[in-house]
Amino acid sequence: MSQEMPKITPKTMYDKIWDNHVVEDHGNGVALLYIDRHLVHEVTSPQAFDGLRVAGRKIHRPDSIIAVPDHNVPTKDRNLPNPDPMSAAQLTALEANVKEFDLDYIPMDDVRQGIVHVVGPEQGFTQPGLTMVCGDSHTSTHGAFGALAFGIGTSEVEHVMATQTLQLRKSKNMRVSVTGTLPVGCSAKDVALAIIGTIGTGGGTAHVIEFAGPVIEALSMEGRMTLCNMAIEAGARAGLVAPDEKTFNYVKGRPYAPKGGQWEAAVNLWKSLRSEPGAYFDKEIIIEGSDIAPLVTWGTSPEDVVPITGLVPRINSFMDPAKQEAAEKALAYMGLKEGQAITDINVDRVFIGSCTNSRIEDIRDVAEIVKGRKVASSIIEALVVPGSGLVKEQAEAEGLDKILMDAGFEWREPGCSMCLAMNPDKAGAGEHVASTSNRNFVGRQGPGARTHLVSPAMAAAAALAGHFVDVRELMGRE
Amino acid sequence: MEKFTTVTSIATPFPRVNVDTDIIIPAKHLKSIKRTGFGEHAFETVRFDAEGNPIKDNVFDGERYKGARILITGDNFGCGSSREHAPWAIAELGFRCIIAPSFADIFAGNCVKNGILTVALPQEQVDALVVAAEAGHTLHVDLNDQTVRCENAFYEFDYNPSHKKMLLDGLDEVGQTLQSLVSIKSYEEKTKLMTPWLFRA
């Protein structure tokens, strides 16, 4: 008889975080999963609070929640009454609910207020190895820290509030590796768009994507957040990046971070989260980083990407008849012609902000391009909306606000703003918007608005030129 | 929640790919703090022109598919945001079952919570059902035996067993989970020792 060691199956990071949080295993990959942290905003929570009240239930762990208004908040004239009574009612409801249920709350006039997915990491609320949820699909952002973080609907918000758990079926493992190095002029946003362009908006459905490879490792925490933020645009349940020294340094010293002797224990735990060699991934994609160019979307789905040096695709270049029909509809909506050069698309409005690209690094990227230059006179409005009051404060300390305003940008208060146009920031029908947000869906930035998703540097370049332009032509001066 | 066992009805064909939740219910209509009132804005860009006038003969309002309780649509239906307002809006239009080649994860989860069955079938079967729906044929969807029947067609579909139980029983999921409170609390005692910094002192 041979004496074999018992076989231990190597685990992925997702497997480990999942296993660490199973409260009850119901078989067939279904489990009652413990949720460590919960972010709450004004749009998807009122009906959940109401549900608790109607059933006479309490919040199981109020200390697991931070609430902050972001979707509806105006980005200017905050001293005046909210121009939209419906928005005002939603903001008032949140304020009343956090008081009634005794939750940590960051009000609109607090310097820490901002987009929930910028605030969580900033406060050290986001940490490696945690399970995190929010009634917002871009909760995937927090995967940048190696947290299993995903968006949920309002019924699930209520479920997590009442039980601290969710009944979930485990997703499959997928790994997207980006090899080599990223060319100058490209950022995490271009990596995200390149991945979605490659695998499609359904490419990650039913999977959790681990992003790996030298390009990902080289990204800053801000860059990793941009990338994981858009994992949902690839259809994935969540995105993950293995935590490393950059992650630990980012978390250290923040208000919710472990302190004193607990810090060492936490870091040791976090270091054990990495996917093990030989771990099985149901799907593997490899993308060569040096092949990525600054990208622009031409259509109404985030997978409709094309390099800035490219052309609007021809409808017959799509094999699938359903895709051809979708492309035809998209071109009609976007007012574009097949074969048109991307650099020939005039831009009417510029939006720099959203949970994808509103962090300090994004604002620095924009300032670097526009310093000493002017926004084209044809641009109706060029907005920079920082992701939080703390980002705003930091940018102002670096003098970036001055550079942006001198160039002709508006410098606003933090919030979701024109990403989804729930507040007064909207684009008009037929207007082309160079936007650093995450979705170019029909009507997303206002009825009839035509959204082109780009990186902050590319949005800055488009603001200066009045049309899309290769940001690399504007770089390397001085 | 209303129980789901079978639904027998004509079906509305809407074979578009990547229908996102902004198409199902635009963000500007998410400002209500109630669960109702979203149906009138559902599929707004399909049903109304830029001036807000009804678009003639659209599949949702036309006489042809009036009373349909089944929606047949394209791949990756419900992609985009996590808003549960999307299934709320769809339910208010009268649909209890959606058939498509695939669904976005969060959307499919939200449907279960609202008594809507999502049936994923291979593209060619969905295509055949679109043709049948356009011809005005009646579809019969049975969750118990997980089948879709229409004329001579007979298709079987996969469905998550725990979701099936929820729909069949019309359960209050929170109440059900609270029966596991002992396991939840013992899990918490264990993690409090390992990661005390995650708990308020």
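Chains as they are written, first to last, in numbering that gives the first Met the number 0: chain A, 0 to 477; chain B, 0 to 200.
Even for Gly, the Cβ is constructed at its ideal location relative to N, Cα and C.
Keep in mind that this is a model prediction, so the values were computed, not measured.
Where residue i falls, given that 16 or more other Cβ within 10 Å makes a residue buried
i, result
"residue 17 of chain B", "buried"
"residue 0 of chain A", "Here the model assigns residue 0 of chain A a pLDDT of 47, short of 50, so the residue's position is not dependable, and the following value carries that caveat. Exposed."
"residue 7 of chain B", "exposed"
"residue 404 of chain A", "exposed"
"residue 12 of chain A", "buried"
"residue 51 of chain B", "exposed"
"residue 338 of chain A", "exposed"
"residue 128 of chain A", "buried"
"residue 153 of chain B", "exposed"
"residue 356 of chain A", "buried"
"residue 299 of chain A", "buried"
"residue 319 of chain A", "exposed"
"residue 143 of chain B", "exposed"
"residue 33 of chain B", "exposed"
"residue 84 of chain A", "exposed"
"residue 185 of chain B", "exposed"
"residue 350 of chain A", "buried"
"residue 477 of chain A", "Residue placement at residue 477 of chain A is flagged as unreliable, the pLDDT there being 46, under the threshold of 50; a coordinate-derived value is accordingly withheld."
"residue 200 of chain B", "exposed"
Beta-carbon proximity of residue i to residue j, cut-off 7 Å
i, j, result
"residue 206 of chain A", "residue 235 of chain A", "yes"
"residue 147 of chain A", "residue 130 of chain A", "yes"
"residue 125 of chain A", "residue 134 of chain A", "no"
"residue 490 of chain A", "residue 293 of chain A", "What is shown of chain A runs 0 to 477, which leaves residue 490 of chain A out entirely."
"residue 179 of chain B", "residue 31 of chain A", "yes"
"residue 237 of chain A", "residue 139 of chain A", "yes"
"residue 20 of chain B", "residue 80 of chain B", "yes"
"residue 11 of chain B", "residue 58 of chain B", "yes"
"residue 198 of chain B", "residue 189 of chain B", "no"
"residue 22 of chain A", "residue 115 of chain B", "no"
"residue 92 of chain B", "residue 38 of chain B", "yes"
"residue 39 of chain A", "residue 64 of chain A", "yes"
"residue 145 of chain B", "residue 158 of chain B", "yes"
"residue 415 of chain A", "residue 69 of chain A", "yes"
"residue 380 of chain A", "residue 348 of chain A", "yes"
"residue 193 of chain A", "residue 291 of chain A", "yes"
"residue 265 of chain A", "residue 229 of chain A", "no"
"residue 301 of chain A", "residue 215 of chain A", "no"
"residue 420 of chain A", "residue 444 of chain A", "yes"
"residue 212 of chain A", "residue 233 of chain A", "no"
"residue 354 of chain A", "residue 137 of chain A", "yes"
"residue 386 of chain A", "residue 7 of chain A", "no"
The beta strand (DSSP E) enclosing residue i, as first and last residue numbers
i, result
"residue 12 of chain B", "5 to 13"
"residue 99 of chain B", "96 to 99"
"residue 478 of chain A", "For residue 478 of chain A there is no data in the structure shown, the boundaries of chain A being 0 and 477."
"residue 237 of chain A", "237 to 240"
Residue closest to residue i, alpha-carbon to alpha-carbon, out of the options
i, options, result
"residue 453 of chain A", "A/441, A/466, A/435", "A/435"
"residue 89 of chain B", "B/100, B/132, B/43", "B/43"
"residue 22 of chain B", "A/439, A/458, A/461", "A/439"
"residue 122 of chain B", "B/84, B/40, B/147, B/72", "B/72"
"residue 383 of chain A", "A/375, A/93, A/279, A/407", "A/407"
"residue 163 of chain A", "B/4, B/31, B/67, B/172", "B/172"
"residue 74 of chain A", "A/107, A/88, A/100, A/466", "A/107"
"residue 459 of chain A", "A/423, A/391, A/375", "A/375"
"residue 58 of chain A", "A/137, A/7, A/159", "A/159"
"residue 223 of chain A", "A/19, A/204, A/372, A/249", "A/249"
"residue 429 of chain A", "A/402, A/471, A/346", "A/346"
"residue 165 of chain A", "A/27, A/173, A/152", "A/152"
Delimiting residues of the alpha helix (DSSP H) encompassing residue i
i, result
"residue 100 of chain A", "84 to 100"
"residue 250 of chain A", "244 to 250"
"residue 160 of chain A", "153 to 162"
"residue 325 of chain A", "320 to 333"
"residue 128 of chain B", "122 to 133"
"residue 48 of chain A", "45 to 54"
"residue 121 of chain A", "115 to 121"
Closer than 7 Å to chain C by CB, residue i
i, result
"residue 197 of chain B", "Annotation note: the requested chain C is absent from the structure, which comprises protein chains A and B."
Residue i beta carbon near the ligand MN (any heavy atom closer than 6 Å)
i, result
"residue 84 of chain A", "Looking at this structure, you won't find the ligand MN or any other ligand, since it has none at all."
Which parts of the stretch 379 to 455 of chain A are runs of the alpha helix (DSSP H), unbroken and 4 residues or longer, counting only runs that do not cross its ends? 388 to 396, 399 to 406
Which runs of the alpha helix (DSSP H), 4 residues or longer, sit entirely within the stretch 139 to 190 of chain B? Here the runs fully enclosed are 160 to 168, 172 to 177.
Go through the stretch 150 to 219 of chain A residue by residue and report every complete run of the alpha helix (DSSP H) that reaches 4 residues or more, in order. Correct list: 153 to 162, 187 to 198, 213 to 217.
Considering only residues of the stretch 45 to 119 of chain B, which uninterrupted alpha helix (DSSP H) runs meet the minimum length of 4 residues and lie entirely inside it, listed in chain order? The qualifying runs are 84 to 91, 104 to 112.
Which ranges would you report for the beta strand (DSSP E) in the stretch 252 to 311 of chain A if only whole runs of at least 3 residues count? 282 to 287, 294 to 296, 304 to 306
Which complete alpha helix (DSSP H) runs does the stretch 11 to 42 of chain A hold, if anything under 4 residues is left out? 12 to 19
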